[in-house]
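What follows is one structure encoded as C-alpha coordinates, with my remarks underneath.
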Amino acid sequence: MSTYTQIIYQIVFSTKFRERTLTNPGREELFKYITGLLENKKCHLFRINGVEDHIHIVTDLHPSISLSSLVKDIKLASTEYIKRNKLFSAFIGWQEGYGAFTYSIKEKDRLIEYVKNQEEHHRIRTYREEYLKMLQEHGIEYNEKYPL
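See the structure below:
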(Lines of atoms letter the chains of each structure in order from A and count residues from 1; the text may use other names and numbers.)
(Lines give C-alpha, C1' and ligand atoms only; values in the text may rest on other atoms or scores of the structure.)
Protein backbone atom coordinates (compact mmCIF):
# COMPACT_ATOMS: atom_id res chain seq x y z
CA MET A 1 0.00 0.00 0.00
CA SER A 2 1.23 3.51 -0.81
CA THR A 3 1.34 6.51 1.50
CA TYR A 4 -0.48 9.65 0.40
CA THR A 5 -0.29 13.01 2.12
CA GLN A 6 -1.32 16.55 1.24
CA ILE A 7 -0.18 18.88 3.98
CA ILE A 8 1.20 22.29 3.12
CA TYR A 9 3.42 23.91 5.74
CA GLN A 10 4.47 27.49 6.13
CA ILE A 11 7.68 27.41 8.13
CA VAL A 12 8.87 30.72 9.56
CA PHE A 13 11.99 31.52 11.52
CA SER A 14 14.14 34.55 12.12
CA THR A 15 17.75 35.44 12.50
CA LYS A 16 19.20 35.39 16.01
CA PHE A 17 17.90 38.41 17.95
CA ARG A 18 15.95 39.33 14.78
CA GLU A 19 19.06 41.06 13.49
CA ARG A 20 18.57 42.46 9.99
CA THR A 21 21.48 40.51 8.50
CA LEU A 22 19.91 38.75 5.48
CA THR A 23 20.79 41.49 3.03
CA ASN A 24 20.53 41.49 -0.74
CA PRO A 25 21.97 40.21 -3.02
CA GLY A 26 22.84 37.20 -0.80
CA ARG A 27 19.24 36.27 0.00
CA GLU A 28 18.56 34.77 -3.45
CA GLU A 29 21.64 32.56 -3.14
CA LEU A 30 20.49 31.44 0.34
CA PHE A 31 17.02 30.64 -1.01
CA LYS A 32 18.51 28.57 -3.85
CA TYR A 33 20.61 26.64 -1.36
CA ILE A 34 17.60 25.89 0.87
CA THR A 35 15.61 24.88 -2.24
CA GLY A 36 18.30 22.28 -2.97
CA LEU A 37 18.15 20.98 0.60
CA LEU A 38 14.39 20.50 0.31
CA GLU A 39 14.70 18.76 -3.05
CA ASN A 40 17.30 16.37 -1.58
CA LYS A 41 14.81 15.49 1.16
CA LYS A 42 12.04 14.90 -1.43
CA CYS A 43 9.99 17.83 -0.17
CA HIS A 44 8.13 19.94 -2.72
CA LEU A 45 8.90 23.64 -2.30
CA PHE A 46 6.05 25.91 -3.35
CA ARG A 47 7.71 29.20 -2.37
CA ILE A 48 10.54 30.61 -0.29
CA ASN A 49 11.07 34.28 0.51
CA GLY A 50 11.94 36.60 3.31
CA VAL A 51 13.36 39.90 4.36
CA GLU A 52 16.40 40.98 6.36
CA ASP A 53 15.35 39.34 9.64
CA HIS A 54 13.35 36.21 8.77
CA ILE A 55 12.33 33.74 6.09
CA HIS A 56 9.17 31.90 5.05
CA ILE A 57 9.21 28.46 3.45
CA VAL A 58 6.03 27.02 1.91
CA THR A 59 6.54 23.32 1.36
CA ASP A 60 5.11 19.89 1.78
CA LEU A 61 7.02 17.27 3.73
CA HIS A 62 7.91 13.86 2.39
CA PRO A 63 6.20 11.31 4.69
CA SER A 64 9.59 10.00 5.87
CA ILE A 65 10.71 13.44 7.14
CA SER A 66 9.70 14.96 10.47
CA LEU A 67 9.09 18.68 10.64
CA SER A 68 11.51 19.25 13.50
CA SER A 69 14.35 17.37 11.80
CA LEU A 70 13.74 19.25 8.55
CA VAL A 71 13.92 22.66 10.24
CA LYS A 72 16.99 21.61 12.22
CA ASP A 73 18.71 20.44 9.02
CA ILE A 74 17.81 23.65 7.17
CA LYS A 75 19.14 25.84 9.97
CA LEU A 76 22.37 23.89 10.50
CA ALA A 77 23.22 23.46 6.83
CA SER A 78 22.30 27.02 5.84
CA THR A 79 24.31 28.50 8.74
CA GLU A 80 27.36 26.54 7.61
CA TYR A 81 26.74 27.58 3.99
CA ILE A 82 26.36 31.26 4.91
CA LYS A 83 29.58 31.27 6.93
CA ARG A 84 31.61 29.21 4.43
CA ASN A 85 30.56 31.46 1.53
CA LYS A 86 30.63 34.71 3.54
CA LEU A 87 27.12 35.43 2.32
CA PHE A 88 26.11 37.83 5.11
CA SER A 89 28.97 39.41 7.06
CA ALA A 90 26.92 40.20 10.18
CA PHE A 91 24.97 36.89 10.33
CA ILE A 92 25.48 35.09 13.66
CA GLY A 93 22.82 32.40 13.37
CA TRP A 94 19.13 31.58 13.46
CA GLN A 95 16.73 31.98 16.37
CA GLU A 96 16.22 28.84 18.48
CA GLY A 97 12.59 28.12 17.65
CA TYR A 98 10.37 28.33 14.60
CA GLY A 99 6.75 28.59 13.59
CA ALA A 100 5.09 25.97 11.43
CA PHE A 101 1.54 26.38 10.23
CA THR A 102 -0.53 23.99 8.12
CA TYR A 103 -2.79 24.93 5.23
CA SER A 104 -5.21 23.10 2.98
CA ILE A 105 -4.48 22.71 -0.71
CA LYS A 106 -7.28 25.21 -1.36
CA GLU A 107 -5.23 27.92 0.39
CA LYS A 108 -2.02 27.18 -1.54
CA ASP A 109 -2.24 29.95 -4.15
CA ARG A 110 -3.12 32.63 -1.57
CA LEU A 111 -0.29 31.47 0.67
CA ILE A 112 2.26 31.43 -2.16
CA GLU A 113 1.21 34.97 -3.13
CA TYR A 114 1.53 36.13 0.48
CA VAL A 115 5.07 34.76 0.81
CA LYS A 116 6.02 36.08 -2.63
CA ASN A 117 5.19 39.63 -1.45
CA GLN A 118 7.16 39.70 1.82
CA GLU A 119 8.96 42.95 1.11
CA GLU A 120 5.64 44.69 0.53
CA HIS A 121 4.06 43.24 3.72
CA HIS A 122 6.95 44.38 5.85
CA ARG A 123 6.65 47.98 4.80
CA ILE A 124 3.45 47.91 6.88
CA ARG A 125 3.94 45.19 9.52
CA THR A 126 6.94 44.10 11.58
CA TYR A 127 8.04 40.47 11.85
CA ARG A 128 6.70 40.35 15.42
CA GLU A 129 3.29 41.69 14.34
CA GLU A 130 3.16 39.22 11.44
CA TYR A 131 4.18 36.28 13.62
CA LEU A 132 1.66 37.12 16.38
CA LYS A 133 -1.06 37.36 13.74
CA MET A 134 -0.16 33.88 12.40
CA LEU A 135 -0.21 32.42 15.92
CA GLN A 136 -3.61 33.99 16.60
CA GLU A 137 -5.10 32.93 13.25
CA HIS A 138 -4.06 29.33 13.92
CA GLY A 139 -5.32 29.35 17.51
CA ILE A 140 -1.87 28.76 18.98
CA GLU A 141 -1.38 29.83 22.59
CA TYR A 142 1.93 31.51 23.30
CA ASN A 143 3.74 33.07 26.21
CA GLU A 144 4.53 36.76 25.64
CA LYS A 145 7.60 36.59 27.90
CA TYR A 146 9.45 34.47 25.31
CA PRO A 147 10.92 36.31 22.36
CA LEU A 148 9.26 35.67 19.04
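Residues 408 to 555 (my numbering) make up the sequence shown, in order.
Every residue gets a Cβ at the ideal spot worked out from N, C-alpha and C, and that includes glycine.
Inter-residue Cα distance where the pair is residue i and residue j
i       : j       : result
Leu-444 : Ile-481 : 7 Å
Ser-471 : Asn-456 : 25 Å
Lys-448 : Tyr-505 : 19 Å
Tyr-538 : Pro-432 : 25 Å
Arg-517 : Ile-547 : 21 Å
Gln-525 : Tyr-416 : 17 Å
Glu-435 : His-545 : 29 Å
Ile-489 : Glu-520 : 27 Å
Glu-527 : Met-408 : 45 Å
Ser-476 : Val-522 : 23 Å
His-529 : Lys-540 : 13 Å
Thr-430 : Glu-536 : 21 Å
Glu-503 : Asn-492 : 22 Å
Lys-552 : Trp-501 : 19 Å
Leu-452 : Lys-439 : 11 Å
Neighbour-count burial assignment, residue i, 16 or more Cβ in a 10 Å radius
i       : result
Ile-462 : buried
Tyr-411 : exposed
Ile-531 : exposed
Thr-466 : buried
Ile-428 : Residue 428 is actually Thr in this sequence, not Ile. When all chains shown are included, Thr-428 counts as buried.
Proximal residues to residue i (C-beta, below 6 Å), its chain only, five neighbours per side dropped
i       : result
Gln-413 : Ile-512
Ile-499 : Lys-423
Tyr-510 : Ile-415, Leu-518
Residues of its chain near residue i, where Cβ-Cβ distance is below 7 Å and the 5 sequence neighbours each way are ignored
i       : result
Tyr-549 : Leu-542
Tyr-534 : Ser-421, Arg-425, Asp-460, His-461
Arg-454 : Val-465, Ile-519, Val-522, Lys-523
Glu-514 : none
His-469 : Lys-448, Lys-449, Cys-450
Close beta carbons around residue i, own chain, < 8 Å, minus the five adjacent residues each side
i       : result
Leu-494 : Gly-433, Glu-436, Leu-437, Tyr-488
Whole-angstrom C-beta distance between residue j and residue i, which should lie under 8 Å
i       : j       : result
Val-478 : Ile-418 : 6 Å
Ala-507 : Leu-474 : 6 Å
Open item on the list: Quick check: the region 477-496 against the region 433-452, are at least 3 beta-carbon pairs closer than 8 Å?
Closed with: yes
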